[in-house]
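Peer 1: Counting from 10, one number per residue, gives the positions in the sequence shown under the numbering used here. Glycine included, C-beta positions come from ideal geometry on N, C-alpha and C.
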Amino acid sequence: MKSMALVVSVCIWLGGCAAKQISNEAAAVNAEPGRALIVGFGSTAVENARAALEPSEGTRVSSLFVAKANQQKIAFGQNVTRLTPGSYELTVACGLYVDYRYFPQDVLMQVELRDGHVYHLRADPQGRRCQPYLEDAADTKRR
Numbered sequence: 010m011k012s013m014a015l016v017v018s019v020c021i022w023l024g025g026c027a028a029k030q031i032s033n034e035a036a037a038v039n040a041e042p043g044r045a046l047i048v049g050f051g052s053t054a055v056e057n058a059r060a061a062l063e064p065s066e067g068t069r070v071s072s073l074f075v076a077k078a079n080q081q082k083i084a085f086g087q088n089v090t091r092l093t094p095g096s097y098e099l100t101v102a103c104g105l106y107v108d109y110r111y112f113p114q115d116v117l118m119q120v121e122l123r124d125g126h127v128y129h130l131r132a133d134p135q136g137r138r139c140q141p142y143l144e145d146a147a148d149t150k151r152r
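Here it is in structure tokens:
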């Protein structure tokens, strides 16, 4: 009986978390000298739980983060990737929900990162394909 109450309370708690929208602006970061920062979303356990418990029709991106930079793994659960400026081959992990089905995929991107810049990962989902791109925060502030 106690175990059933525990299961119900955990489900209620997770249901409360699921009501919140996953925001790709959740990680507010400032530019760092000597570094380029890439801000993604959806790589933490809480974000994954919310996405799984939040049913919706249509296509939505539930996670978008850097998994590897030049074939070197980035720590899991990190929404912000800090790299030295330069050219990189990024492996971007993208999770798409199409209606109620989940489609994870890794997409390779060639990028040139500049010193002291903050980039936000964005995606234009097309069917089951993710199509990620970087948006420089300095360029969007100027608009």
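Report yes if the CB atom of Ala-78 is closer than 7 Å to the CB atom of Tyr-97, and no otherwise.
Peer 2: Yes, Cβ-Cβ distance for Ala-78 and Tyr-97 is below 7 Å.
Peer 1: So what's Glu-41 in DSSP terms, helix, strand or just coil?
Peer 2: Three-state result, Glu-41: coil.
Peer 1: Going by C-alpha to C-alpha distance, which of Gly-104, Asn-39 and Val-89 sits closest to Pro-113?
Peer 2: Answer by Cα proximity: Gly-104.
Peer 1: Just to check my reading of the structure: Gln-87 and Ser-52 have Cβ atoms closer than 8 Å, yes? What is that Cβ distance to the nearest angstrom?
Peer 2: That belief holds up - the Cβ atoms of Gln-87 and Ser-52 are roughly 6 Å apart, short of 8 Å.
Peer 1: How many angstroms separate the CA atom of Val-120 from the CA atom of Val-38?
Peer 2: In a straight line, the C-alpha of Val-120 is about 20 Å away from that of Val-38.
Peer 1: If you scan the segment 111 to 147 from start to end, which runs of the beta strand (DSSP E) of 3 or more residues do you find wholly inside it?
Peer 2: Those beta strand (DSSP E) runs which fall completely within the segment 111 to 147 and span 3+ residues are 127 to 132 and 141 to 145.
Peer 1: When DSSP labels each residue in this structure, what does Ala-61 get in the three-state scheme?
Peer 2: In this structure, Ala-61 counts as helix in the three-state DSSP scheme.
Peer 1: What do you get for Gly-49, buried or exposed, if any count of 16 or more other CB atoms within 10 angstroms of its CB means buried?
Peer 2: The residue is buried, with at least 16 neighbouring Cβ atoms inside 10 Å.
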